[in-house]
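What follows is one structure encoded as structure tokens, with my remarks underneath.
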Amino acid sequence: MKKIILIIPVCVFLLSSCAKSVQRFELLSQTTSKGEYAKAIADVRKSPKMYGNLNRFLYFMDQGVLFHYAAAYDSSLYYLENAERVLDDLYAHSITNEAASILTNDLLRPYRSKRYEEVFLHQLMAFDYLGKNKPDEALVESRKMQMIVDRFKQKDGRASKYEDDGMVQYCTSILYEEQGMKDDAAISLFKSVNAFKKGVVSLPSQVENNAFYVFSDLGRSDDIKTLGLSSSMAREKVWGANSDDAEIILVGYAGRGPNLTEISFAGTYVVGGLLAGTITKPDGQTETIVLPAPPLPEPEERKAEKGEKTKAGTTLHVKLAFPYPVEYPSQTSRFKLTVDNAKSEESIVLSDNFKLLAQDVDDNKGITLARTAVRVVIRTLAAQRAKQEMETSSALVNLLVNVGTDVATDQLERADTRLCFLAPKTLQMVRIAVKPGTHRVDAYAQTNTGGIVSTKSWDVVDVKPHEKKFVFFPSIN
Amino acid sequence: MRIALSVILCGLMVFCVSCGGKQVARVDANSTIDLSGEWNDTDSRLVAEEMIGDCLSRPWYTNKYANKTPIPTIIVGDMRNMSHEHINVETFINDMQRVLINSGKVEFVANKFERGQLRSEKEDQAEHASAETKKESDQETGADLMLIGSINTIADQEGNKHVMFYQTDLQLVEMKSHVKLWIGSKKIKKYITRSSTKL
Numbered sequence: 001m002k003k004i005i006l007i008i009p010v011c012v013f014l015l016s017s018c019a020k021s022v023q024r025f026e027l028l029s030q031t032t033s034k035g036e037y038a039k040a041i042a043d044v045r046k047s048p049k050m051y052g053n054l055n056r057f058l059y060f061m062d063q064g065v066l067f068h069y070a071a072a073y074d075s076s077l078y079y080l081e082n083a084e085r086v087l088d089d090l091y092a093h094s095i096t097n098e099a100a101s102i103l104t105n106d107l108l109r110p111y112r113s114k115r116y117e118e119v120f121l122h123q124l125m126a127f128d129y130l131g132k133n134k135p136d137e138a139l140v141e142s143r144k145m146q147m148i149v150d151r152f153k154q155k156d157g158r159a160s161k162y163e164d165d166g167m168v169q170y171c172t173s174i175l176y177e178e179q180g181m182k183d184d185a186a187i188s189l190f191k192s193v194n195a196f197k198k199g200v201v202s203l204p205s206q207v208e209n210n211a212f213y214v215f216s217d218l219g220r221s222d223d224i225k226t227l228g229l230s231s232s233m234a235r236e237k238v239w240g241a242n243s244d245d246a247e248i249i250l251v252g253y254a255g256r257g258p259n260l261t262e263i264s265f266a267g268t269y270v271v272g273g274l275l276a277g278t279i280t281k282p283d284g285q286t287e288t289i290v291l292p293a294p295p296l297p298e299p300e301e302r303k304a305e306k307g308e309k310t311k312a313g314t315t316l317h318v319k320l321a322f323p324y325p326v327e328y329p330s331q332t333s334r335f336k337l338t339v340d341n342a343k344s345e346e347s348i349v350l351s352d353n354f355k356l357l358a359q360d361v362d363d364n365k366g367i368t369l370a371r372t373a374v375r376v377v378i379r380t381l382a383a384q385r386a387k388q389e390m391e392t393s394s395a396l397v398n399l400l401v402n403v404g405t406d407v408a409t410d411q412l413e414r415a416d417t418r419l420c421f422l423a424p425k426t427l428q429m430v431r432i433a434v435k436p437g438t439h440r441v442d443a444y445a446q447t448n449t450g451g452i453v454s455t456k457s458w459d460v461v462d463v464k465p466h467e468k469k470f471v472f473f474p475s476i477n
Numbered sequence: 001m002r003i004a005l006s007v008i009l010c011g012l013m014v015f016c017v018s019c020g021g022k023q024v025a026r027v028d029a030n031s032t033i034d035l036s037g038e039w040n041d042t043d044s045r046l047v048a049e050e051m052i053g054d055c056l057s058r059p060w061y062t063n064k065y066a067n068k069t070p071i072p073t074i075i076v077g078d079m080r081n082m083s084h085e086h087i088n089v090e091t092f093i094n095d096m097q098r099v100l101i102n103s104g105k106v107e108f109v110a111n112k113f114e115r116g117q118l119r120s121e122k123e124d125q126a127e128h129a130s131a132e133t134k135k136e137s138d139q140e141t142g143a144d145l146m147l148i149g150s151i152n153t154i155a156d157q158e159g160n161k162h163v164m165f166y167q168t169d170l171q172l173v174e175m176k177s178h179v180k181l182w183i184g185s186k187k188i189k190k191y192i193t194r195s196s197t198k199l
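So, in structure tokens, the structure goes:
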């Protein structure tokens with residue numbers, strides 16, 4: 001029995017080493033929103049303990065994302081490659097970690113990333129290579145992403161809805177176009193439209209029209225029929241309709257990314273006393289309901305009168321906690337790109353991280369619920385056995401001992417709210433066809449009413465024939 | 001009993017501490033060590049040796065260049081990485097150049113990036129070096145042949161099993177006529193499995 005009692009303080013100790021995701025959010029969210037990426041990077045480097053050994057993926061991913069925003073592509077690649085390596089190392093699940101998490105909570109498992117985060121990691125690496133003018137290496141990342149989404153599709157027993165990514169496939173098709181690999185580009189475009197149609201992000205009209213004209217040109221009428229495509233725009237207004245064009249492509253990171261918070265339900269039954277229930281809502285507000293409990297049965301009252309051990313004052317406590325996605329208001333709604341103060345286009349949304357996060361939480365609801373239920377049952381049984389061993393004839397002492405045990409077990413129940421919240425709310429794109437040569441490029445991050453949030457300019461952008469020149473603009477506020 | 005338990009625990013701690021340190025062992029540079037299953041130095045070296053060996057033993061050389069003086073000059077063109085991995089193409093190119101030069105049958109001229117550096121140095125010499133030692137421009141040797149190629153992969157996976165098929169294709173093209181004198185390819189297939197659980 002003593003072994004069971006020992007589990008609780010050991011677990012509390014283990015819990016103290018878990019990532020402090022709230023602290024991390026407070027530290028990085030504000031500076032990133034203000035565009036102070038160097039400060040955010042310095043903060044991460046000063047606080048490796050905030051991540052701990054179980055969150056090495058987030059430690060590297062956070063820095064990789066921040067360096068990408070700061071346009072330091074070599075450094076970004078260094079950290080993102082490390083994040084990739086962490087995921088590779090975590091392919092094998094540790095039996096000891098899994099067992100420990102069943103006794104305590106999921107925060108004792110190493111963070112393995114969400115599906116869309118793993119894909120985003122490789123997409124960022126592809127963008128880093130494009131920032132370094134290495135399209136071949138960017139295509140390597142695209143091929144890796146294809147292997148990852150293929151793996152998602154193969155996984156049996158986990159009927160996840162996130163099995164492909166429209167943005168990733170669309171970016172891949174652009175890279176194949178640039179290399180003159182038109183069939184590969186068309187296949188990626190097909191996958192992109194398919195993924196958008198099955199996914200949570202709406203199919204952008206530009207992508208649909210691009211696919212329609214590319215498939216028409218290549219005689220892929222079956223693809224047009226299969227996807228149910230139609231043209232709603234004139235060819236000259238469709239980005240990429242002429243795949244041989246040189247282009248300037250803006251990738252915009254808009255708004256604060258989503259986060260996860262905890263919702264919980266805790267219920268306590270005090271024998272001979274009361275029934276109390278507490279609900280913690282996504283905004284952190286709590287609501288408590290207290291009801292009087294039925295009186296002690298007669299045999300228990302007689303035991304108490306004789307000074308024997310009694311159930312009076314003992315408690316039964318249960319707590320369940322689940323992750324809940326939270327969206328933050330963002331100033332940046334879209335981007336506008338202007339080339340040589342003449343041509344101008346507005347962005348389309350290719351990815352929405354809040355929708356992807358909500359989908360991920362939904363996809364994993366069953367597993368999270370099952371794990372939580374098993375954990376709560378094991379822990380409650382252990383706590384009840386521990387309380388039984390410590391029962392006395394005094395209701396007050398019983399109550400104090402039981403409440404102490406309940407507080408300890410209550411603290412153990414935590415939802416796994418870890419994620420890379422530095423990813424933007426939406427990822428957007430603008431494409432403008434240009435003649436080979438040097439160009440001046442201006443980009444504007446705008447509110448939904450057209451007000452300017454921030455601007456970024458490139459005085460000289462050199463574009464070669466057929467080149468797809470990528471420029472990046474983070475506006476995470 | 002408690003003493004015995006304490007001794008065992010202390011022993012385990014000492015064992016754990018001694019296991020945690022970094023260990024370094026020097027190994028033969030030609031030895032084969034496969035860790036991740038990805039393209040590595042052994043693949044680069046073996047592919048270069050086998051392909052260039054094949055290239056130099058084919059009729060194009062004996063028929064056209066074996067008795068030619070000076071020996072033919074080759075330049076390495078684009079070597080494209082079209083695989084699923086970030087492969088350092090430079091080491092592969094260097095491995096090929098080493099095998100070709102050591103054969104004594106051909107020689108290499110600097111590639112376009114190296115030529116840029118050399119020309120810049122010559123410009124600097126023209127201004128600063130003594131007349132006896134400075135090297136003149138317009139003395140470069142034009143290549144007779146160009147070696148171009150690519151590394152491609154086909155990946156297949158199911159659960160924790162993974163097959164990666166690498167195909168390296170090389171072509172030797174005559175600069176003057178654009179005639180392809182030799183086409184070679186080398187294939188490597190790797191089967192990688194990994195455990196989904198650990199202690």
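Same order as they appear, the protein sequences are chains V and W. Mapping of the first sequence onto this note's numbering: residues 1 to 477, in sequence order. Mapping of the second sequence onto this note's numbering: residues 1 to 199, in sequence order. The C-beta atom is built at its ideal place from N, Cα and C for all residues, glycine as well.
Under the Cβ distance rule, lysine 144(V) counts among the residues neighbouring chain W, one pair being separated by less than 8 Å.
Buried is the label assigned to aspartate 245(V), since at least 16 other Cβ atoms lie within 10 Å of its Cβ. At least one beta carbon of chain V lies nearer than 8 Å to the beta carbon of glutamate 85(W). Distance check between leucine 274(V) and each of Ala92(V), Gly52(V) and Thr288(V) places Thr288(V) closest, using alpha-carbon atoms only. Note: arginine 431(V) is bridge-paired with Ile249(V) in the DSSP secondary-structure output. Against chain V, the CB of glutamine 157(W) has a partner CB under 8 Å away; the residue lies at that interface. In the three-state DSSP reduction, asparagine 209(V) falls in the helix class (H, G or I). For tryptophan 39(W), DSSP assigns no beta-bridge partner whatsoever. A distance below 8 Å between beta-carbons, with the five flanking residues on each side excluded, links methionine 145(V) to the following residues of its chain, in chain order: Val119, His122, Gln123, Ala126, Asp165, Val168 and Thr172. Serine 75(V) and threonine 141(W) have their C-alpha atoms spaced approximately 40 Å apart. Arginine 56(V) has a beta carbon lying at 8 Å or more from every beta carbon in chain W.
By the Cβ test, the region 382-400 of chain V is in contact with the region 313-323 of chain V, since at least three Cβ pairs between them sit closer than 8 Å. Secondary structure remark: continuous alpha helix (DSSP H) runs of at least 4 residues inside the region 46-131 of chain W, in chain order: 89-103 and 112-128. With fewer than 16 other CB atoms across the displayed protein chains lying within 10 angstroms of its CB, glutamate 298(V) is exposed. Cβ contact annotation for phenylalanine 473(V) (same chain, cutoff 8 Å, sequence separation greater than five): Leu250, Val251, Gly252, Tyr253, Phe335, Ala443, Ala445 and Lys456, in chain order.
The region 449-465 of chain V makes no contact with the region 352-365 of chain V, as fewer than three CB pairs between them are under 8 Å. Counting only the Cα atoms, arginine 45(W) lies some 29 Å from valine 86(V).
Rounded to whole angstroms, the gap between the alpha carbons of lysine 132(V) and phenylalanine 470(V) is 10 Å.
In this structure, DSSP gives serine 29(V) a helical state, which the three-state scheme calls helix. When Ile87(W), Pro70(W), Pro59(W) and Ala25(W) are compared, the shortest CA-CA separation from aspartate 41(W) is found for Ile87(W).
Among the residues of chain V, those whose CB is under 9 Å from the CB of asparagine 81(W) are Asp136, Glu137, Leu139 and Val140, following chain order.
The beta carbon of serine 36(W) is closer than 7 Å to none in its chain, skipping five residues each way along the sequence. The DSSP-derived three-state label of glycine 267(V) is strand.
By the neighbour-count criterion, in which 16 or more other beta carbons inside 10 Å mark a residue as buried, arginine 220(V) falls on the buried side.
Taking C-beta separations shorter than 8 Å and ignoring five residues to either side along the sequence, the partners of glutamine 97(W) in its chain run Val76 and Phe108, following chain order. Out of Lys22(W), Ile148(W) and Asp156(W), the CA that lies nearest to the CA of arginine 80(W) is found in Ile148(W).
For the region 76-105 of chain V, the residues whose beta carbon sits under 9 Å from a beta carbon of chain W are, in order, Glu81, Asp88, Tyr91, Ala92, His93, Ser94, Ile95, Thr96 and Glu98.
If you check the CB distance, glycine 284(V) and leucine 422(V) do not come in under 8 Å. By the 16-neighbour rule on beta-carbons within 10 angstroms, proline 204(V) is buried.
When the Cα atoms are used, glutamate 467(V) and serine 230(V) turn out to be separated by approximately 28 Å. In this chain, the beta strand (DSSP E) harbouring threonine 438(V) covers 437-446. DSSP places threonine 172(V) in the uninterrupted alpha helix (DSSP H) bounded by 166-178. Boundaries cannot be given for arginine 256(V), as no alpha helix (DSSP H) includes it and DSSP labels it neither H nor E.
Sorting Glu38(W), Pro72(W) and Glu49(W) by C-alpha distance to the C-alpha of asparagine 30(W) places Glu49(W) at the top.
Taking a C-beta cut-off of 8 Å against chain W, the contacting residues of the region 149-180 of chain V are Asp150, Arg151 and Gln154, listed in chain order. The DSSP-derived three-state label of asparagine 152(W) is strand.
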